[in-house]
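Working notes, structure below.
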Amino acid sequence: MAELHNMTVAELAAGLQKKDFSAFDVADHFLKRVEHDQQRGSNSLNAFLDINREVTLAQAKASDEKIAAGTAGPLEGVPIAHKDIFVTRDFATTAGSKMLKDYRSPFDATVVTRLRDAGMVSLGKLNCDEFAMGSANENSAYGAVTNPWDTSCIPGGSSGGSAAAVAARLTPAATGTDTGGSIRQPAAFCGITGIKPTYGRASRYGMVAFASSLDQAGPMARNAEDCALLLSAMCGPDLDRDSTSLNVAQTEDEKKYGFSHLLRIDHGDKPFAKAGKDGKALKIGMPTQWMHLGQTSPRHHSSGAQPQSEPDVQINSRIDQSLERFVDLGAEIVPVHLPLTKLSIPVYYIVCAAEASSNLSRFDGVKFGHRAKEFSDLADMYQRTRSEGFGDEVKRRIMIGSYVLSHGYYDAYYLQAQKIRRMIAHDFQQAFAQCDLIAGPVAPTTAWKLGDKADDPVANYLADIFTLPASLAGLPCMSIPVGLGDMGMPVGMQLIGNYLQEAQLLNVAHRFQQVTNFHDATPEGV
Ligand code: GLN
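One point on numbering: in our numbering, the residue at position 200 of the sequence shown is 204, and numbering is uninterrupted.
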């Protein structure tokens with residue numbers, strides 16, 4: 005039997021149901037790993053912000069009782085850790101901000117409740133960029149998270165704690181949130197699998213709001229099969245609590261198997277030969293523009309130099325090699341056009357800042373969270389509270405957001421951005437007329453060194469180029485590992501599906517993972 009921490013969610017769930025081991029033993033095993041990492045001082049990954057042995061072990065015991073009584077949920081006793089954006093009653097919730105230091109929510113987020121209802125045991129809360137704003141996890145008020153593949157590198161962001169914890173086998177799975185790439189990019193940088201479902205699939209109730217029209221929860225785990233199991237448990241209508249929650253009728257397959265009806269694609273040599281529309285070959289669209297959109301090295305943009313015209317060759321070559329595998333398995337590659345991709349950066353950073361400036365107005369020192377100790381009057385209290393509580397990146401976005409929403413600038417920036425957002429979504433629909441799903445890079449590079457872009461916000465923004473389009477369109481999208489780059493750092497491939505096509509994305513990724521082993525690669529020493 006594999007060691008507990010090397011087991012997948014599916015393996016742990018099966019072992020628990022068969023009573024090969026107890027939920028208590030599993031929880032204790034993972035807690036020990038987390039505690040051991042935390043005791044490593046400056047060498048700790050700094051992935052966990054709050055753990056509570058008593059709470060976790062009590063949940064595990066309750067799971068063992070349910071298994072014994074034959075009333076177990078589908079994921080009974082399997083541990084999970086939550087990004088610190090989800091509010092939790094049993095653990096502190098900080099959203100990576102000083103503003104919410106020691107804050108305790110009186111209720112659990114819907115996603116947290118649903119996963120517990122499915123039987124999962126909570127290991128604690130995971131570090132993230134402050135209010136999920138960032139691409140490197142360097143914006144957390146509680147310190148950066150490091151990448152288990154190379155601790156001198158960032159793990160990606162904003163769900164950096166989630167990705168690092170799964171990659172280091174401190175938890176078999178984690179929740180993340182993705183507003184503009186925060187599940188996919190850290191999953192890619194840490195060599196794990198993550199999916200952001202269609203906007204509205206998972207309830208946003210109890211997720212500390214960043215940009216409400218973009219924020220979406222999703223699972224991060226070792227492989228597509230685990231993501232499917234987790235997504236089935238997380239998603240579903242929550243209409244009383246989140247008015248943007250989708251009330252979609254489930255297909256018969258979905259009702260029966262959730263998103264994990266992984267056996268729909270037949271298991272012959274060419275599983276993708278008939279997996280596309282109308283029983284034809286699965287068509288994978290490659291956006292022609294994406295191979296020529298690069299990334300500026302830090303500082304190049306500010307010196308006026310042109311961005312490199314292509315993503316890293318190492319990224320392109322790993323993606324190409326994987327696409328060849330898809331072709332071997334019967335898929336067809338077709339070119340598609342997403343001509344507005346470049347504009348997704350300004351559009352996203354206008355829309356998300358506008359929404360953030362509004363959402364974060366609730367942190368005023370009155371209702372909850374930090375309040376300045378000394379102040380002269382109400383206005384001074386607001387000002388000092390917000391100056392002290394928010395970090396630089398959050399302040400920057402509040403200022404940009406207030407600016408683009410202000411009289412005289414609204415039409416020029418916010419409204420324009422909304423119009424282009426609609427056009428980006430439209431381009432995807434044109435593309436999906438040609439293909440079943442779209443593939444491309446997650447990021448233009450592998451994980452960079454800690455500090456390299458820490459004081460250069462625009463360099464961070466530019467690195468989001470490939471994740472932003474699907475976010476703006478609200479499409480389901482995932483990241484799967486496709487090998488290591490030249491420096492031994494993981495490379496991720498992005499798969500984007502049409503609305504509500506999570507099952508197809510997960511099926512395709514699962515079949516790919518059944519014949520490849522990129523997703524099994526583990527950082528040294530783990
Ligand atoms: N990197 C993007 C940002 O900083 C995405 C963050 C996210 O998806 N939460 O806004």
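Note that beta-carbon positions come from the ideal geometry of N, C-alpha and C, so glycine has one too.
- Message: Would M238 and G180 qualify as a contact pair, given that the criterion is a beta-carbon distance under 8 Å?
- Response: Looking up residue 238 in the sequence shown gives position 234. Looking up residue 180 in the sequence shown gives position 176. No, these two residues do not count as a Cβ contact at 8 Å.
- Item | the segment 203 to 210 / the segment 105 to 115 touching (three or more Cβ pairs under 8 Å) | The segment 203 to 210 is in contact with the segment 105 to 115.
- Below 6 Å CB to CB, which residues in the same chain sit around K508 once its five sequence neighbours on both sides are set aside? The residue you call residue 508 lines up with position 504 of the sequence shown. Before going on, a small fix: residue 508 reads as Gln here, not Lys. Closer than 6 Å at the Cβ level, and outside the excluded window around Q508, lie G501.
- Message: At a cut-off of 7 Å, would you count S186 as near the ligand GLN, judging by its Cβ distance to the nearest heavy atom?
- Response: Along the sequence shown, read from residue 1 onward, the residue named residue 186 stands at position 182. The answer is yes for S186.
- Item | Backbone CA spacing between Q310 and F52 [nearest angstrom] | If you number the sequence shown from 1, residue 310 lands on position 306. If you number the sequence shown from 1, residue 52 lands on position 48. Here the model assigns Q310 a pLDDT of 43, short of 50, so the residue's position is not dependable, and the following value carries that caveat. About 39 Å.
- Query: Does DSSP put L233 in a helix, in a strand, or in coil?
  - Reply: To locate residue 233, count along the sequence shown from 1; it is residue 229. If DSSP states are grouped into helix, strand and coil, L233 belongs with the helices.
- Message: What would DSSP say about P311, mapped onto helix, strand or coil?
- Response: As a working mapping, residue 311 is identified with position 307 in the sequence shown. In this prediction, P311 has a pLDDT of 45, which is less than 50 and means its spatial position is unreliable; what the coordinates show is noted afterwards. In the structure shown, P311 sits in coil (DSSP, three-state: anything other than H, G, I, E or B).
- Item | C-alpha gap between L454 and R188, whole angstroms | Position 450 of the sequence shown, counted from the first residue, corresponds to residue 454. Position 184 of the sequence shown, counted from the first residue, corresponds to residue 188. Cα-Cα distance, rounded: 19 Å.
- Proximity to M493 [Cα-Cα], best of I89, A525, D230, L20: For this step, residue 493 is matched to residue 489 along the sequence shown. Checking every option, the nearest Cα to that of M493 belongs to A525.
- Could you give the distance in angstroms between the alpha-carbon of P78 and the alpha-carbon of A14? For the purposes of this step, residue 78 is identified with residue 74 of the sequence shown, where counting begins at 1. For the purposes of this step, residue 14 is identified with residue 10 of the sequence shown, where counting begins at 1. The alpha-carbon atoms of P78 and A14 are separated by roughly 10 Å.
- Identify which residue in F394, P152, P527 has its Cα closest to the Cα of M137. Position 133 of the sequence shown, counted from the start, is the residue given in the question as residue 137. M137 has its Cα closest to that of F394, out of F394, P152, P527.
- Hey, could you find the ends of the beta strand (DSSP E) D396 is sitting in? Here residue 396 refers to the residue found at position 392 of the sequence shown. Not the beta strand (DSSP E): D396 falls in the alpha helix (DSSP H), residues 396 to 409.
- Should R205 be labelled buried (16 or more other beta-carbon atoms within 10 Å of its own) or exposed? For the purposes of this step, residue 205 is identified with residue 201 of the sequence shown, where counting begins at 1. Buried: at least 16 other Cβ atoms inside 10 Å.
- Item | Near the ligand GLN: G460 beta-carbon under 7 Å from a heavy atom | Here residue 460 refers to the residue found at position 456 when the sequence shown is read from its first residue. For the record, residue 460 in the displayed sequence is Asp; it is not Gly. Every heavy atom of the ligand GLN is 7 Å or more from the Cβ of D460, so no.
- Within its chain, find whatever has a CB closer than 6 Å to the CB of T520; leave out the 5 residues flanking it on each side and keep chain order. For the purposes of this step, residue 520 is taken as residue 516 along the sequence shown, with counting starting at 1. Closer than 6 Å at Cβ, skipping near neighbours: no residue.
- Item | Runs of alpha helix (DSSP H) lying entirely within the segment 329 to 394, each at least 4 residues, in chain order | 348 to 363, 382 to 393
- Item | Buried or exposed by the 16-neighbour rule on C-beta atoms within 10 Å, applied to V530 | Mapped onto the sequence shown, residue 530 falls at position 526. Result: exposed.
- Query: Rounded to a whole number of angstroms, what is the C-alpha to C-alpha distance between P83 and D68?
  - Reply: For the purposes of this step, residue 83 is identified with residue 79 of the sequence shown, where counting begins at 1. For the purposes of this step, residue 68 is identified with residue 64 of the sequence shown, where counting begins at 1. One C-alpha to the other measures close to 13 Å.
- Leaving out the 5 sequence neighbours to the left and right, which residues in its chain are closer than 8 Å to L20 when beta-carbon positions are compared? Counting from 1 along the sequence shown, the entry for residue 20 is found at position 16. For L20, where only same-chain residues beyond five positions count, the Cβ hits under 8 Å are S26, A27, V30, S67, I71, A76, E80, G81, V82.
- Assess, as a yes-or-no matter, whether the segment 88 to 106 is touched by the segment 224 to 236 under the definition of 3 or more beta carbon pairs within less than 8 Å. no
- Would you tell me roughly how many angstroms separate the C-alpha atoms of K423 and S483, rounded to the nearest one? In the sequence shown, the residue the question calls residue 423 occupies position 419. In the sequence shown, the residue the question calls residue 483 occupies position 479. Each residue's alpha carbon lies about 28 Å from the other.
- For K457, is the classification buried or exposed, using 16 other Cβ atoms within 10 angstroms of its Cβ as the cut-off for buried? Mapped onto the sequence shown, residue 457 falls at position 453. Burial check for K457: the Cβ neighbour count within 10 Å reaches 16 or more, so the residue is buried.
- Is the distance from the Cβ of Y386 to the Cβ of G369 below 8 Å? Numbered from its first residue, the sequence shown carries residue 386 at position 382. Numbered from its first residue, the sequence shown carries residue 369 at position 365. In contact: Y386 and G369 (Cβ atoms closer than 8 Å).
- Query: Does DSSP put C439 in a helix, in a strand, or in coil?
  - Reply: Within the sequence shown, residue 439 is the residue found at index 435, counting from 1. Looking at C439 - three-state DSSP - the assignment turns out to be coil, as it is neither helix nor strand.
- Message: At the level of alpha carbons, what is the spacing between F330 and P480?
- Response: On the sequence shown, position 326 is the one that residue 330 refers to. On the sequence shown, position 476 is the one that residue 480 refers to. For F330 and P480, the distance between alpha carbons rounds to 20 Å.
- Query: Leaving out the 5 sequence neighbours to the left and right, which residues in its chain are closer than 6 Å to V408 when beta-carbon positions are compared?
  - Reply: Along the sequence shown, one-based indexing puts residue 408 at 404. Excluding sequence neighbours, V408 sits near I354, A358, Y417, Y418.
- Item | Inter-residue spacing [alpha-carbon to alpha-carbon] between M427 and L344 | Taking the sequence shown and counting its residues from 1, the one referred to as residue 427 is at position 423. Taking the sequence shown and counting its residues from 1, the one referred to as residue 344 is at position 340. So the alpha carbons of these two residues sit roughly 8 Å apart.
- Query: Who are K200's beta bridge partners in DSSP?
  - Reply: In the sequence shown, the residue the question calls residue 200 occupies position 196. Answer is C481.
- Pairwise C-alpha distance: P159 and V151: Here residue 151 refers to the residue found at position 147 when the sequence shown is read from its first residue. Here residue 159 refers to the residue found at position 155 when the sequence shown is read from its first residue. With the sequence shown as reference, residue 151 is identified as Asn, and Val is not the correct amino acid for it. Spanning the two alpha carbons is a distance of roughly 4 Å.
- Message: For S306, count the other beta carbons within 10 Å of its own beta carbon; 16 or more makes it buried, fewer makes it exposed. Which is it?
- Response: Start at 1 with the first residue of the sequence shown, and residue 306 comes out as number 302. For S306, the pLDDT reaches just 44, beneath the cut-off of 50, and the residue's location in the model is therefore unreliable, although a value from the coordinates is still provided. By the Cβ-count criterion, S306 is exposed, with fewer than 16 other Cβ atoms from all chains shown falling within 10 Å of its own Cβ.
- Query: Among F95, F135, A148, A99, which has the Cα closest to the Cα of G128?
  - Reply: The residue given as residue 128 occupies position 124 in the sequence shown. For the residues F95, F135, A148, A99, the minimum Cα distance to G128 belongs to F95.
- Query: In this structure, does DSSP put N10 in helix, strand or coil?
  - Reply: Counting from one through the sequence shown, the residue named residue 10 turns up at place 6. Looking at N10 - three-state DSSP - the assignment turns out to be helix.
- In terms of alpha-carbon separation, which member of L8, L218, G289 lies closest to I442? Taking the first residue of the sequence shown as 1, we reach residue 442 at position 438. Each of L8, L218, G289 was checked against the Cα of I442, and the nearest Cα belongs to G289.
- Query: Taking Cβ to Cβ, would you say S361 is nearer than 8 Å to R388?
  - Reply: For the purposes of this step, residue 361 is taken as residue 357 along the sequence shown, with counting starting at 1. For the purposes of this step, residue 388 is taken as residue 384 along the sequence shown, with counting starting at 1. Cβ atoms of S361 and R388: not closer than 8 Å.
- Message: Using the Cβ count rule (16 or more neighbours within 10 Å means buried), how would you classify S247?
- Response: Taking the first residue of the sequence shown as position 1, residue 247 is located at position 243. With fewer than 16 other Cβ atoms within 10 Å, it is exposed.
- Task: Report buried or exposed for D182, applying the criterion of at least 16 other Cβ atoms within 10 angstroms of its Cβ.
- Result: Working through the sequence shown from its first residue, we reach residue 182 at position 178. Label assigned to D182: buried.
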